[in-house]
Structure formats: C-alpha cells, structure tokens
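Beneath this line is the structure, given in structure tokens, with notes to follow.
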C-alpha cells in the first residue's frame with residue numbers, strides 16, 4: 001500500500017475552516033493558543049472509526065486535562081456527521097471535509113485518492129500552530145490514544161521547562 | 001507499539017498469580033456484546049493454559065454506547081470489596097441484557113453480599129475512582145475499543161478468537177516478559 005506522506009513534526013499546520021453543522025464552521029485558527037488534536041478518519045459508521053471515536057469521546061477528559069481541543073475530520077457530509085455523533089453520543093466536533101472533497105486531508109498529506117477517503121491520521125498541533133507529532137495508522141487499525149497523549153504530555157513538559165539558554169554546567 | 005501502563009500488579013483483579021509466565025489483560029465493558037464473547041474465550045484459554053496464565057481485568061465502560069456499563073462496573077467493584085469480584089463479573093457477563101440497578105441488586109443478593117454495604121457503595125459511587133483509574137490506564141495504553149487485550153504488556157492487534165489469542169500468547173511465552 002503506497003502510504004501518502006503525511007505532514008511531519010515541525011511543519012506549520014495548514015489552516016482550514018470546515019463545517020461542523022449546516023450553518024457553522026470551525027477554523028483551526030479559532031483554537032490558536034491551545035493544543036489541537038486532529039483525528040482524520042475514513043468514514044462515519046465504519047466499525048473501526050466508530051470504536052476509535054467512541055473511545056476518544058469516553059476519554060475526552062484526558063485531552064481536556066492537557067488543555068487540548070480534539071477535532072475529528074472525515075470527508076462525510078455534515079448531516080451524516082450529526083447523525084453519527086448523535087448515535088454514538090460523541091462529545092467533540094466532527095468536521096466535514098466534504099467540498100471540495102478531501103481538500104484539508106490533502107493539505108495534511110493523508111487523503112487516500114484511490115478510495116476517496118481520508119486516511120486514519122493523527123496530528124498534534126501546538127498552541128502556535130506547529131505540528132509536534134503525527135501518525136498514520138494502517139487503514140484497518142485503530143490507533144487508540146496513547147500516542148496522542150504522549151505527544152500532549154511532551155508538549156506540557158516542554159511548556160513547563162525553563163526557557164533560559166543552556167548554561168555551562170547545566171545538566172543535559 | 002502500544003504497551004500496558006501501568007503493568008499488571010497486585011491492585012488489579014487477577015485470576016492466577018503474577019509470577020506466571022503469560023499475562024493476559026483485558027480492558028472490558030460489561031454491556032459490550034464482544035466482551036461477552038471474549039469472556040467465553042478467556043475461560044477456554046485459562047483451561048488450555050492452566051498455571052501458565054495470569055488473567056487480569058480492567059474496566060473500560062463505553063458509556064456513550066452502553067448506558068449501564070459504568071454502574072455495572074461499579075457493582076463488580078463493590079462485590080470485589082466484599083471478596084466476590086469474579087463471581088459478580090461472571091454474573092454480569094451471563095446477564096448482559098439486564099444490568100440496570102434493580103438487577104444488579106438481585107445479583108448481589110444471589111451472591112450473599114452484605115446488601116446494606118453494596119447499595120451504599122453504589123449510591124455513593126465509592127468505586128468510581130477505581131474505574132476512572134482503569135480508564136486512564138486504558139487511555140494511555142492505547143485501548144482501541146472493547147475488548148482490548150494486552151499480552152505480556154503489548155497490545156494484541158489481531159482478532160480475539162481462541163486460536164488467535166492462543167497463538168499470540170504461545171509466541172509471547174517464548175520471550176521474557178517485559179513488565
């Protein structure tokens with residue numbers, strides 16, 4: 001399977017504004033100042049995606065404890081997202097990368113053109129809008145949240161570390 | 001690779017001693033039908049592996065899908081506080097269709113629990129912290145739905161039928177246990 005090359009740590013997270021409801025859009029820039037977790041996934045209702053999103057919803061406090069905002073993104077339409085979120089009782093926004101189809105997934109390097117879906121890619125974006133961690137799961141594999149939470153933990157450690165220049169005699 | 005954090009230990013509900021060479025940990029939800037199936041598979045694996053296997057269970061109720069999963073987990077913990085965790089665990093999986101509070105009370109009576117204490121534990125949500133702690137463990141370990149299994153500390157990626165789990169555990173037993 002030729003894996004698309006997803007954006008890597010250090011890259012600027014491409015901005016976007018996508019519909020979350022029929023008349024409301026969310027932009028990445030709306031969350032500037034806090035970490036954002038982008039969870040791209042192939043399709044509402046598919047078994048693996050349903051499990052993945054249900055688990056994230058169940059452990060939403062783990063993301064909130066890091067001050068992070070979780071956003072799910074797929075190429076499904078907004079009405080489909082609404083029905084899926086209601087049925088699974090999801091407690092975070094699902095963004096619709098529907099028109100132009102997959103444009104945002106393409107900009108993050110995770111669009112699967114042959115299938116017309118987004119790959120199952122995860123990105124952690126820091127408060128300044130830079131990607132600090134990314135991961136593309138094999139299409140049928142649910143990655144869970146351990147990688148995301150480690151990346152958020154690393155961000156927190158970095159934020160609380162002293163900002164001063166390394167000094168002589170300082171421990172590495 | 002997703003690994004179990006923290007490793008299986010004395011604070012977990014265990015069937016078998018921690019010193020055994022194979023550790024199988026399940027993150028499960030009492031109202032999840034796949035966990036119900038897995039329960040039967042786990043029992044069969046225990047029979048097949050005998051004193052090679054130590055099985056541990058951690059709670060991961062998916063409340064969005066299963067409205068009674070969390071209170072059922074609390075009931076299992078409340079029974080555990082009276083030394084009857086596994087008996088309640090089995091009853092809950094045998095009765096997955098009936099996990100509301102009145103039924104939970106009946107199972108507790110059936111096990112001869114101190115009912116005053118059991119009811120009080122549920123009403124005060126006295127064991128919720130244990131469930132939250134299990135859920136946190138699941139989150140940082142890469143639980144990907146229920147059930148999720150860890151074999152000797154490493155997340156099992158394949159299906160959870162008898163043959164797949166037995167093959168994975170047999171392979172894991174050839175190497176020293178990581179944690």
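Residue numbers (UniProt numbering), protein chains in the order written: chain A, 1 to 172; chain B, 1 to 179.
Every residue, glycine too, gets a C-beta built ideally from N, C-alpha and C.
Look at residue 58 of chain B: its C-beta is not under 8 Å from any C-beta on chain A. Proximity of chain B to residue 146 of chain A at the Cβ level (cut-off 7 Å) is accounted for by 2, 140, 141, 142, in chain order. Distances from the alpha-carbon of residue 51 of chain A to those of B:42, B:86, B:20, B:66 put B:66 closest. Rounded to the nearest whole angstrom, the C-alpha separation of residue 113 of chain A and residue 72 of chain B is 44 Å. Excluding sequence positions up to five before and after residue 118 of chain A, its CB lies within less than 8 Å of the CB of 40, 41, 42, 73, 74, 75, 97, 102, 105, 110, 111, 112, all in the same chain and listed in chain order. In this structure, DSSP gives residue 155 of chain B an extended state, which the three-state scheme calls strand. The bridge partners DSSP lists for residue 45 of chain A come to none. Assignment of beta strand (DSSP E) within the stretch 39 to 89 of chain B, counting only whole runs of 3 or more residues, yields 53 to 59 in chain order. Under the DSSP assignment, residue 160 of chain B falls outside any alpha helix (DSSP H); it carries neither an H nor an E label. Secondary structure remark: continuous alpha helix (DSSP H) runs of at least 4 residues inside the stretch 23 to 86 of chain A, in chain order: 47 to 58, 60 to 64. Flagged as an interface residue toward chain B: residue 55 of chain A, by a C-beta distance shorter than 8 Å. Residue 26 of chain B sits in a strand when the DSSP states are folded into three classes. Look at residue 9 of chain A: its C-beta is not under 8 Å from any C-beta on chain B. Looking at the backbone, the Cα of residue 177 of chain B and that of residue 64 of chain B are separated by about 35 Å. When DSSP states are grouped into helix, strand and coil, residue 97 of chain B belongs to the coil group. As a beta-bridge residue in DSSP terms, residue 118 of chain A pairs with A:111. Close CB contacts of residue 24 of chain B within its chain, under the 8 Å cut and outside five residues either way in sequence, are with 42, 45, 53, 54, 55, 56, 149, 150, 151, 165, 169 (chain order).
Beyond the five residues adjoining it in sequence on each side, residue 13 of chain B comes within less than 6 Å, by CB distance, of 57, 85 in the same chain, given in chain order. Under the criterion of beta carbons closer than 8 Å, residue 140 of chain B and residue 5 of chain B qualify as touching, at roughly 5 Å. Excluding five sequence positions before and after residue 54 of chain A, the CB atoms of its chain that fall closer than 7 Å to its own CB belong to 88, given in chain order.
The beta carbon of residue 35 of chain B sits closer than 8 Å to those of 26, 28, 29, 93, 146, 147, all from its chain and outside the five residues before and after it, given in chain order. Your pair residue 142 of chain A and residue 144 of chain B checks out as a contact, with CB atoms roughly 4 Å apart and the cut at 8 Å. Around the Cβ of residue 108 of chain B, a 10 Å sphere holds 16 or more other Cβ atoms; the residue is buried. Comparing alpha-carbon positions, the option among B:80, B:3, B:2, B:163 lying closest to residue 111 of chain B turns out to be B:80. Cβ neighbours of residue 48 of chain A within its own chain (closer than 7 Å, five residues either side excluded): 140, 142. Proximity of chain B to residue 51 of chain A at the Cβ level (cut-off 7 Å) is accounted for by 144, 145, in chain order. Residue environment: residue 32 of chain B is assigned as buried (16 or more neighbouring CB atoms within 10 Å of its CB, all protein chains considered). Counting along the chain, the unbroken alpha helix (DSSP H) around residue 136 of chain B starts and ends at 128 to 141. Taking 7 Å as the Cβ-Cβ cut-off, the stretch 57 to 86 of chain B approaches chain A at 62, 63, 64, 65, given in chain order. Flagged as an interface residue toward chain A: residue 157 of chain B, by a C-beta distance shorter than 8 Å. Look at residue 71 of chain A: its C-beta is not under 8 Å from any C-beta on chain B.
The beta-carbon of residue 141 of chain A is placed less than 8 Å from the nearest beta-carbon of chain B. Excluding its 5 nearest sequence neighbours in each direction, residue 19 of chain A has C-beta neighbours in its own chain below 6 Å: 25, 78, 96, listed in chain order.
DSSP lists A:122 as the beta-bridge partner residues of residue 135 of chain A.
In this model, residue 32 of chain A and residue 128 of chain A are separated by some 6 Å (Cα to Cα).
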